[in-house]
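Below is one structure, written out as C-alpha cells, with a few remarks after it.
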Amino acid sequence: MTTAGHDLKPVLVFDSGIGGLTVLREARVLMPERGFIYIADDAGFPYGGWEEQPLRERIVRLFGDLLERYDPEAVVVACNTAFTLAGTDLRHAFPDMRFIGTVPAIKPAAERTRSGLVSVLATPGTVKRAYTRDLIQSFASKCHVRLVGSENLARMAEAYIRGEAIPDEAVLAEISPCFVEKEGEKTDIVVLACTHYPFLANVFRRLAPWPVDWLDPAEAIARQARRLVPLVDGAEHPEGFDFAVFTSGKPDFSTRRLMQGFGLTMS
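Spelled out as C-alpha cells, the structure:
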C-alpha cells in the first residue's frame, strides 16, 4: 500500500541558529520519505551567554507554539546548549512528543581515544552544565577530559558558512586550549559539542598543531532519529514541507541563500 506524502507528519529540527543544518543534512539521507521543518531561534542566538532559567523558559515556551502550529512526528533538538539545559523540561511538558536530543559525544570519544586525552569543544553553557559533567563521570572517568568553552566560535561558524572571511588567528585562539600534552601523550580526540562547529572542521584540521579526530555528532543524531521515527513502506516524500522558520522573522540575504542551498524555502 502506498501512503500519500501529505499523510506523513514532518520532522522538526530546532537550533539556536544555523548549526542544526549539519544534522538536517544527515537526517535527510536516512529519512528520505519525511519532510522537514527547520526552526532557527535566531532572535535568541547565541544561547551560550544566557542565564539558565530565562533560557529554559524561552525554549519551553517556544515549543508550546511550535508543536501546536506544526504537529510534527518528532523533534530533533539539534543544539547541545538547548537540550542539556531544557531536554528534561521539554519531555515533561510535552510527554506525547518524541524528542531526539543532542548531547556531547563523550561516550564514543572515551571508547575511541588511545591516548586517554579528550577535549570537549563547546559553548560556555554546555561546559558548565551538570549534564555534561555527568556524562564524563558515567562514560569517561578513566580519561583526562578537558572542557573548552568558546564564547565566539558559534558566531564565527555562522559567519564562515555565510561566506565571510574568518582570521586564522581568531579561530586558533578558540581551539588552542583543546590541545593537551601530558606524560608523553597528546590529545587525540576533540568532541565538537556544538552543531555549529562542524562548519569549521576543515579550518580546525588545517590549524591544529597535530592531527586529531574531530568528532561530529550529526550522523549519530540522525541515526537515532531514524530509529525513533517509523519508516512507512511505499511512502512518498511529501510536498509543502522542507522550509525554514527564523524566530526573528528577519533572516538576511546570505542566510536566505544558504537555506536555499540546503533545499529549504523560507516561511
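Residues in the sequence shown are numbered from 2 upward in steps of one, following this note's numbering.
All C-beta atoms in this analysis are idealised placements derived from N, C-alpha and C, irrespective of residue type, glycine included.
So, using beta-carbon positions, are residue i and residue j closer together than 7 Å?
| i | j | result |
| --- | --- | --- |
| residue 82 | residue 133 | no |
| residue 216 | residue 169 | no |
| residue 116 | residue 187 | yes |
| residue 141 | residue 103 | no |
| residue 196 | residue 21 | yes |
| residue 144 | residue 119 | yes |
| residue 250 | residue 126 | no |
| residue 40 | residue 246 | yes |
| residue 85 | residue 130 | yes |
| residue 239 | residue 36 | yes |
So, at 8 Å on beta carbons, what are the nonlocal neighbours of residue i in its own chain, with the 5 sequence-adjacent residues on each side left out?
| i | result |
| --- | --- |
| residue 61 | 87, 90, 91 and 94 |
| residue 101 | 75, 76, 77, 78, 222, 225, 226 and 229 |
| residue 71 | 11, 13 and 38 |
For residue i, I'd like the list of residues in its chain whose CB is within less than 7 Å of its CB, leaving aside the five on either flank, ordered along the chain.
| i | result |
| --- | --- |
| residue 59 | 45 |
| residue 1 | Coverage of the chain is limited to positions 2 through 268, which leaves residue 1 absent and any answer about it impossible. |
| residue 220 | 27 |
| residue 122 | 149, 151, 176, 179, 191, 192, 193, 194 and 198 |
| residue 160 | 167 |
| residue 189 | 114, 115, 116, 118, 213 and 214 |
| residue 265 | 39, 243, 244 and 245 |
| residue 2 | With a pLDDT of 31 at residue 2, under the threshold of 50, the modelled position of that residue is not reliable, and no figure is offered here. |
| residue 56 | 48 and 86 |
| residue 185 | none |
In this structure, how does DSSP classify residue i when only helix, strand and coil are distinguished?
| i | result |
| --- | --- |
| residue 10 | coil |
| residue 165 | coil |
| residue 256 | helix |
| residue 187 | strand |
| residue 200 | helix |
| residue 263 | coil |
| residue 135 | helix |
| residue 120 | strand |
| residue 209 | coil |
| residue 19 | coil |
| residue 236 | coil |
| residue 245 | strand |
| residue 128 | helix |
| residue 230 | coil |
| residue 108 | helix |
| residue 192 | strand |
| residue 224 | helix |
| residue 113 | helix |
Have a look at the options and flag the residue whose alpha-carbon is nearest the alpha-carbon of residue i.
| i | options | result |
| --- | --- | --- |
| residue 166 | 194, 204 and 114 | 204 |
| residue 182 | 201, 200, 146 and 194 | 146 |
| residue 137 | 114, 153 and 105 | 105 |
| residue 243 | 259, 250 and 267 | 267 |
| residue 113 | 52, 241, 213 and 262 | 213 |
| residue 200 | 189, 172, 211 and 184 | 172 |
| residue 68 | 85, 53 and 98 | 98 |
| residue 153 | 29, 135, 139 and 174 | 174 |
| residue 63 | 15, 51 and 96 | 15 |
Can you find the residues in the same chain that come closer than 6 Å, C-beta to C-beta, to residue i, ignoring five residues on each side of it along the sequence?
| i | result |
| --- | --- |
| residue 42 | 17 and 248 |
| residue 202 | 215 |
| residue 218 | 106 |
| residue 162 | 200 |
| residue 263 | 22 |
Does at least one heavy atom of the ligand FAD sit under 6 Å from the Cβ of residue i?
| i | result |
| --- | --- |
| residue 244 | With respect to small molecules bound, the structure shown includes none, and the ligand FAD cannot be examined in it. |
Under 7 Å, Cβ to Cβ, is there at least one residue of chain B near residue i?
| i | result |
| --- | --- |
| residue 124 | No chain B appears in this structure, which consists of one protein chain only. |
- Item | Complete alpha helix (DSSP H) runs within the region 25-91 (minimum length 4 residues, chain order) | 53-71
- Segments assigned alpha helix (DSSP H), at least 4 residues, entirely inside the region 138-162: 154-162
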